[in-house]
Amino acid sequence: MSRDWLSVATLKEATIVQRMIGERIETADRLPPAPRVAGADVSMKWRDSMGPVHAAIAPVDGPAATATAIPPFPYVPGYLGFREVPVLAMAWDRMAASGGPVPDLLIVDGHGRAHPRRAGVASHLGVALDVPTIGCAKTLLCGMVEGEVGPDPGDRAPVVHGGEVVAMALRMRARAAPVYVGIGHRVSLETAVDWVLRLGGGRRLPLPVRLAHDAANAARRLAEAERS
DNA sequence: GCGACAG
DNA sequence: ATCTTGTCGC
């Protein structure tokens, strides 16, 4: 399908690909009634942007799948997808190959449409895998919060960029900074906010993202321990 | 032109 | 992204 987009040689090329992704995002709901939700995140060594990246796809109700690869790029703001999506796709394939059921909805640690070219890592992964995704980021890459987010869990305010609402600033927990929830692929903004809130568990980050974060970290520590 | 900049 | 210890509050 569209996994050719996983590897590009230059940032100029990547920019072209991102414009294609941005135009291909589906912003309406297209997912099963009771989706199996999983989180997606990566882990890497501190300040080692050329070292290996460890990725995890972590279902809420089952074992996580992980994969490791060396990304072709250092970290460049706006091009995160080209570092993370290839190795996340490897973890996804490993999960599919393990025989069990595959997730119907991924909550990705990073932005979706809230991106200069509407192609954040969540959208990138969703289009590449052809699966519904939600972006859930801890800080903004672009755009501004319109108004203010209320103090209580569930309170929200739109994030506007280029004249359109690209995400929702969402208070998950009192006295904790909001998270930025956005459309990745095949999920409406309202549905995205609903799922993140429902899986919040009284914490700032939704459960699937925490599980993926932990699984990716565990994979990295394991790899670092048994090498040498 | 200058500054800002997910993970 | 990640490192590290203690400290504060419910």
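Under the numbering used here, think of the first position of the first sequence as 4, with each following residue one higher.
Ideal Cβ positions, reconstructed from N, Cα and C, are used throughout, including at glycine.
Keep in mind the model is a prediction, meaning the values are calculated, not measured.
- request: Quick one: give me the first and last residue of the beta strand (DSSP E) that Glu29 is part of.
  value: No beta strand (DSSP E) contains Glu29, which DSSP labels as neither H nor E.
task: Compare the C-alpha of Arg207 against each of Arg121, Asn220, Ala177 and Ala215 and name the closest.
output: Ala177
For Val130, the three-state DSSP class (helix, strand or coil): helix
- prompt: Would you say Asp107 and Pro38 are within 7 Å of each other, going by their C-beta atoms?
  reply: yes
Proximity below 7 Å, CB of Ala94 to CB of Ile60: yes
message: Could you give the first and the last residue of the continuous alpha helix (DSSP H) run that contains Leu253?
response: Here the chain covers residues 4 to 231 and nothing more, so residue 253 does not appear.
message: Does Leu109 come out as helix, strand or coil in the three-state DSSP assignment?
response: strand
task: In the DSSP assignment, find the alpha helix (DSSP H) that holds Arg116 and state where it starts and stops.
output: Neither: Arg116 is in no alpha helix (DSSP H) and is coded neither H nor E.
task: With Arg206 as the anchor, note down where its beta strand (DSSP E) starts and where it stops.
output: Neither: Arg206 is in no beta strand (DSSP E) and is coded neither H nor E.
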